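Okay, so here's the structure we're looking at.
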Amino acid sequence: MHLYLLPDQGRAVIVQLHYRLYQGPLAPYLRADLPYLPHITMGMAPDEEQEHALCAGLNGGLREIRGRIAALTVGALRAQQFEPLASFGLGH
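If you read the sequence shown in this note's numbering, its first letter stands for residue 330, the second for the next number, and so on.
Pasting the structure below:
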């Protein structure tokens, strides 16, 4: 189970970045059949029960998270593990 951060502010910029990434070498991998939901993957939980517990704990208090996306890591899920393949700085 994956845990995602769904930003309000900066959402449009993440959408633009997503589509720009798929205009180059990643173009063959764009899943046009699935709608894109702007998100940042924060982690994984081993099962749905722990996922719900983690999310409930994080959502229990209003938090403001500020940050910027300075790098992108491309990888693959293999045997339920994320394997980084390459990282790219985004030049801020």
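Ideal placement from N, C-alpha and C gives every residue a C-beta, glycine not left out. Keep in mind it's a predicted model, so treat the numbers as computed, not measured.
Straight-line gap, residue i to residue j (C-alpha atoms, nearest Å)
i, j, result
"R407", "G386", "29 angstroms"
"E393", "T402", "24 angstroms"
"E412", "Y348", "23 angstroms"
"L383", "L350", "31 angstroms"
Beta-carbon separation (whole angstroms), residue i vs residue j, contact threshold 8 angstroms
i, j, result
"L332", "E380", "7 angstroms"
"P365", "V344", "Before going further, note that residue 365 is Tyr rather than Pro in the sequence given. Correct: roughly 7 angstroms between the Cβ atoms."
"A320", "L419", "Because residue 320 is not part of the residues shown, which for the chain are 330 to 421, the question remains open."
Simplified DSSP assignment, three categories, for residue i
i, result
"Y394", "First, the amino acid is wrong: residue 394 is Ile here, not Tyr. Coil."
"L363", "coil"
"G339", "coil"
"A374", "coil"
"A408", "coil"
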